[in-house]
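Quick notes on the structure that follows.
Residue numbers (the numbering used here), protein chains in the order written: chain A, 13 to 335; chain B, 201 to 943.
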């Protein structure tokens, strides 16, 4: 097998990704950019945090992705009384076989929607740490693999802080990207209003790619070539966040790796087997913004996000891209 | 795994530290080499330090074996050594040199930190500068150049080694511990790695920067005001003396021949008009008027009568009258160890030393003696030489006439024969054979004696005196043995005196070569010579008589001017090296205000001349073009023109098509900054195309190919040169479109 992406593989991948995007566009209107980033996150093998107000289509987005892939989908509504075992599963004693058997929690799926993740206690939030990092759950010393591919779709409200537990930095760092859905354009919203309202689980979507295809795409994205000058560009960006006085702390090594992986996935979506600086530039805000926090006090997450994004833009403008 | 992209090889930190260790050792050795030029008692220390440095360079593990107590005691021991040295010898400079060597020794037998490497640079520089100031020799220039190069390399390596270590100060190596880099040290491996890392462009850049440094230093040297430093120097006695016999006021038979064995340069002479140099110049240094048992010397009476009182001055007026018109200026550079008697061509008008000297001057015989033999090069400028083979001496002529009239000629030393009776008789017989018994005029006598000597004796440097009793010169004359110049000159003097004509021996140099590279006259020790001077009563002058020269005694036969200058031009490799030495003396050591003005004037003239030449060249070119255009336009001319144009176009096309590829191939897949030149070229095309974005699908495909070459994996590249050619076409097309759109 070659070390580089072959043209045939590139064509197949491109076709599969196009099918996936087209399929998702059928249920999510006017959000092509968000769909593309979700697909990038999927191909990069990362987890996604969607930070937006309720009712903008977050759950529908996750559901349509899962359905388009013919994957298992589960939804967990995070609340303050949710226990870790409610997420991961629990070992219960079975009288019939006279032993403890493991009852799998909702995390055992391919696409897991963790709705309003910041409403759960830190203990429950941290139950997701291992599964997001290693794609497995360890109960009573026994490891249970979750679905493959595995993707956590977490949502949180950036404005309503009442009774919430902000995600710790270690948890935030495990999300590859953070997105914002935003309101649809007027023309798209009109179209949405015209159609009959149905619950998200009533959306009829045919799977267009298999789980195997997804795993193949993820493997292919890792083969996308990143030239040295582009790697150095990534390094300079990451290093700049560490020396920026306005940030409380810089991006971790995991953050740098995430930026590279996301850029590789984006290049694949653009039918390229090599990363260009523009891939990196486009991925900087979605991949790095949630890993950074401004040193000064901010009123809410929206303001902080705006401040971080502005600083990242300034950093990008100050670092010349390789040409 | 992806194959690694070609990346510039770099030395590891351990290798850098090993290189740093070796460079430090090399600097120490260069510094120690300068001690040979100083007369400082430090030979044991120098030997020990050299051996220790070489040993630790070869086996870097050795310093770890030095016991800890040695490190503890080093500092007090060095201080005690210095104090005792000062106390016993009571001389500061030698004590400081020895202290310097001791410190260098310690720095080479212990593992060094950054500051210790810097200390080595300073310690070595001290030795180089002290030796340089003392000797003012060309070797100093070479040493300082080598030292500067090595020192810069060491500083660069120190800086590069400090880089990866960050800002944290590396901990000193405890005694007995082998540092990590030493465990990995392998000289042959390091040599291979350095060779792999060294890029010809980096090396060229380094050489260029070094050359730039030298040029800037030269510029500063030319620009700074001159001042006399030599007179404030009191350190001459520390200079290591060269073991050369040199000319002294007592010459034994064979002394001059011994000097001739040395092929080194004795004297360099700059002449403002080289055609004024005789074909065979005689550089007189010493007149020896007394002969006794095989030894010629300047008699005390002669010295007392002829030499004036000692003077301390830098300027001297001679007896020659100033010459009208363009004055020929002769600048002499006499090497150290030759003699305290300065070579001169004869009488002169003015002589100016580079610095104030203590000297005694004998105006009549045109001799000049310094108080002591100079330990460094002596420079003096003479104008108004009377280049002639005779030296008028009215005082002696008067005295000689008086003595002859009084029949008391034997009172004159220069005609006296201090020989035993048998020798006197034998000499008379020889004289009768050589010149007959009739009294002859001085010229005729000289000719006959010279002919006889040459007829009976061959010239040879390897001569031996026949065994027997009596005067050695008389024995030699009566034999048929070959002889050297002293035997010829001495015999000539004795024979002339036997004939009753005053005669004396003269030593100095004869001949020399014209260095075609530095345009100066070079006289070597091998040109040392002895000849005679006869007193010609008729003219009242001392006439040169060289029994070894068939021609040349007669002034009319002396060849001068262009033919003589051309005949003696030396363009050998030795001359090339000698020209460096002359450059050093002429332009560096002897660079005073006058030289500065001359140099600046020369630079100005050169600039004006080259400017004029360029203007003339263009004017000539324009005229030639006009004439060519005005010429008849026939078919053959048109064909030639077309062929020339086609050739030019073909050349341009070849350069354009393959020049870039050739250059990139020459770069070997990476630029100085470690970039891939093909990727860089692709990036350049992408930037150009970004200004006029392509619209057609085939144009977009070219951009995609360029992007692949710039950012893609090398094995997936399309043919790069073809892609660049297509990019050029696309760029032209897009530029055309944008022009059309604008218009």
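Every residue, glycine too, gets a C-beta built ideally from N, C-alpha and C.
Inset, instruction - Note down, in chain order, every chain B residue with its Cβ under 8 Å from the Cβ of residue 242 of chain A. - result: Position 230 of the first chain, counted from the start, is the residue given in the question as residue 242 of chain A. Result: 911.
Legend entry - Rounded separation between residue 81 of chain A and residue 123 of chain A - CA only: Position 69 of the first chain, counted from the first residue, corresponds to residue 81 of chain A. Position 111 of the first chain, counted from the first residue, corresponds to residue 123 of chain A. The alpha-carbon atoms of residue 81 of chain A and residue 123 of chain A are separated by roughly 10 Å.
Inset, instruction - For the alpha helix (DSSP H) containing residue 150 of chain A, list its first residue and its last residue. - result: Position 138 of the first chain, counted from the first residue, corresponds to residue 150 of chain A. Careful: residue 150 of chain A lies outside any alpha helix (DSSP H), inside the beta strand (DSSP E) at 148-151.
Legend entry - Three-state class that DSSP yields for residue 651 of chain B in the structure shown: In the second chain, counting from the first residue as 1, residue 651 of chain B sits at position 451. DSSP places residue 651 of chain B in helix when its eight states are reduced to three.
Inset, instruction - Say whether chain A places a C-beta atom closer than 9 Å to the C-beta of residue 928 of chain B. - result: Residue 928 of chain B sits at position 728 when you count from the first residue of the second chain. Chain A, which has no Cβ nearer than 9 Å to the Cβ of residue 928 of chain B, makes this no.
Legend entry - Backbone CA spacing between residue 270 of chain B and residue 224 of chain B [nearest angstrom]: Translated into positions along the second chain, residue 270 of chain B becomes position 70. Translated into positions along the second chain, residue 224 of chain B becomes position 24. Straight-line Cα distance between these residues: approximately 21 Å.
Inset, instruction - Count the C-beta pairs between the segment 309-316 of chain A and the segment 213-227 of chain A that are closer than 8 Å, then say yes if the count reaches three, no if not. - result: no
Legend entry - Partner residues on chain A for residue 883 of chain B, Cβ-Cβ distance less than 8 Å: In the second chain, counting from the first residue as 1, residue 883 of chain B sits at position 683. Within 8 Å Cβ-Cβ: 334 and 335.
Inset, instruction - Quick one: measure Cβ to Cβ for residue 695 of chain B and residue 631 of chain B, integer angstroms, because I've assumed they're closer than 8 Å. - result: Looking up residue 695 of chain B in the second chain gives position 495. Looking up residue 631 of chain B in the second chain gives position 431. The Cβ separation is near 5 Å, so the contact holds.
Inset, instruction - Could you spell out where the alpha helix (DSSP H) holding residue 483 of chain B opens and where it closes? - result: Residue 483 of chain B sits at position 283 when you count from the first residue of the second chain. Premise fails: residue 483 of chain B lies in the beta strand (DSSP E), 482-488, not in any alpha helix (DSSP H).
Legend entry - Reduced DSSP category for residue 450 of chain B - H, G, I as helix; E, B as strand; rest coil: Counting from one through the second chain, the residue named residue 450 of chain B turns up at place 250. Strand.
Legend entry - Beta-carbon gap between residue 333 of chain A and residue 293 of chain A smaller than 9 Å: Stepping through the first chain from its first residue, residue 333 of chain A is reached at position 321. Stepping through the first chain from its first residue, residue 293 of chain A is reached at position 281. Against a cut-off of 9 Å, the Cβ pair of residue 293 of chain A and residue 333 of chain A comes out as a contact.
Inset, instruction - Whole angstroms is fine: what's the gap from residue 566 of chain B's alpha carbon to residue 606 of chain B's? - result: Numbered from 1 along the second chain, position 366 holds the residue referred to as residue 566 of chain B. Numbered from 1 along the second chain, position 406 holds the residue referred to as residue 606 of chain B. Roughly 29 Å separates the two Cα atoms.
Legend entry - Expected contact under 8 Å - CB spacing of residue 163 of chain A and residue 54 of chain A to nearest Å: For the purposes of this step, residue 163 of chain A is taken as residue 151 along the first chain, with counting starting at 1. For the purposes of this step, residue 54 of chain A is taken as residue 42 along the first chain, with counting starting at 1. Their Cβ separation, rounded to whole angstroms, is 6 Å, which keeps residue 163 of chain A and residue 54 of chain A in contact under 8 Å.
Legend entry - Neighbourhood of residue 987 of chain B by C-beta, 7 Å cutoff - its chain only, sequence neighbours within 5 removed: No answer is possible for residue 987 of chain B: the residues shown for chain B start at 201 and end at 943.
Legend entry - CB-CB length for residue 250 of chain B against residue 232 of chain B, believed under 8 Å: Position 50 of the second chain, counted from the start, is the residue given in the question as residue 250 of chain B. Position 32 of the second chain, counted from the start, is the residue given in the question as residue 232 of chain B. Confirmed, about 6 Å.
Legend entry - Inter-stretch contact (C-beta, 8 Å, three-pair minimum) for the segment 99-107 of chain A and the segment 55-72 of chain A: no
Inset, instruction - Under 8 Å Cβ to Cβ from residue 325 of chain B, same chain only, skipping five residues before and after it: list those, please. - result: Along the second chain, one-based indexing puts residue 325 of chain B at 125. Taken in chain order, the residues that qualify are 231, 347 and 351.
Legend entry - Cα-Cα separation, residue 216 of chain B to residue 317 of chain B: For this step, residue 216 of chain B is matched to residue 16 along the second chain. For this step, residue 317 of chain B is matched to residue 117 along the second chain. Between residue 216 of chain B and residue 317 of chain B, the C-alpha separation is close to 13 Å.
Legend entry - Limits of the alpha helix (DSSP H) - the one that residue 249 of chain A falls within: Here residue 249 of chain A corresponds to residue number 237 of the first chain, with the count starting at 1. 240-255 is the span of the alpha helix (DSSP H), which, as asked, contains residue 249 of chain A.
Inset, instruction - State the Cα-Cα distance for the pair residue 690 of chain B and residue 481 of chain B, rounded to the nearest angstrom. - result: Within the second chain, residue 690 of chain B is the residue found at index 490, counting from 1. Within the second chain, residue 481 of chain B is the residue found at index 281, counting from 1. So the two alpha carbons sit approximately 20 Å from each other.
Legend entry - Run of the alpha helix (DSSP H) containing residue 282 of chain B, from where it starts to where it stops: In the second chain, counting from the first residue as 1, residue 282 of chain B sits at position 82. Residues 268-289.
Legend entry - Opposing strand residues paired with residue 156 of chain A [DSSP bridges]: Counted from its first residue, the first chain places residue 156 of chain A at position 144. The partner list for residue 156 of chain A (beta bridge, DSSP) reads A:149.
Inset, instruction - Write down every uninterrupted run of the alpha helix (DSSP H) in the segment 497-578 of chain B whose length is 4 residues or greater and which is fully enclosed by it, in chain order. - result: 500-506
Legend entry - For residue 931 of chain B and residue 889 of chain B, believed in contact at Cβ under 8 Å, the rounded distance: Your numbering for residue 889 of chain B matches position 689 in the second chain. Your numbering for residue 931 of chain B matches position 731 in the second chain. Right, their Cβ atoms sit about 6 Å apart.
Legend entry - Amino acids of chain A, ordered along the chain, whose beta-carbon sits closer than 8 Å to that of residue 886 of chain B: Indexing the second chain from 1 puts residue 886 of chain B at position 686. Per Cβ cutoff of 8 Å: 335.
Inset, instruction - Establish whether the CB of residue 348 of chain B and some CB of chain A are separated by less than 9 Å. - result: Translated into the one-based positions of the second chain, residue 348 of chain B becomes position 148. No, residue 348 of chain B lies away from the interface with chain A (no Cβ there is under 9 Å from its Cβ).
Legend entry - Contiguous beta strand (DSSP E) assignments of at least 3 residues, all confined to the segment 574-628 of chain B: Every beta strand (DSSP E) stretch that sits fully inside the segment 574-628 of chain B and reaches 3 residues is listed by chain position as 578-583 and 590-592.
Legend entry - Cβ contact (3+ pairs, closer than 8 Å) linking the segment 488-504 of chain B and the segment 641-661 of chain B: Here the segment 488-504 of chain B makes no contact with the segment 641-661 of chain B; the two share fewer than three CB pairs at distances below 8 Å.
Legend entry - 8 Å CB neighbourhood of residue 281 of chain B in its chain, flanking five on each side removed: The sequence position of residue 281 of chain B within the second chain is 81, counting from 1. Within the same chain, residue 281 of chain B has close Cβ partners 298, 299 and 302.
Inset, instruction - Count the other C-beta atoms from every protein chain shown that fall within 10 angstroms of the C-beta of residue 239 of chain A, then say buried if there are 16 or more, exposed otherwise. - result: If you number the first chain from 1, residue 239 of chain A lands on position 227. So residue 239 of chain A ends up on the buried side.
Inset, instruction - Please name the residue or residues paired with residue 336 of chain A in a DSSP beta bridge. - result: There is no way to answer for residue 336 of chain A, as the model of chain A reaches only from 13 to 335.
Inset, instruction - Helix, strand or coil for residue 729 of chain B, going by three-state DSSP, please let me know. - result: The residue given as residue 729 of chain B occupies position 529 in the second chain. Here residue 729 of chain B sits in strand by DSSP.
Inset, instruction - Check whether the Cβ of residue 239 of chain A sits closer than 8 Å to any heavy atom of the ligand SAH, and report yes or no. - result: Here there are no bound small molecules, and the ligand SAH is not part of this structure.
Legend entry - Under 8 Å by beta carbon: chain B residues contacting residue 24 of chain A: In the first chain, residue 24 of chain A corresponds to position 12, counting from 1. Correct list: empty, because the minimum Cβ distance to chain B is about 17 Å.
Inset, instruction - For residue 915 of chain B, decide whether its Cβ has a neighbour in chain A, counting only Cβ atoms nearer than 9 Å. - result: Reading the second chain from its first residue, position 715 is the one you call residue 915 of chain B. Interface residue, yes.
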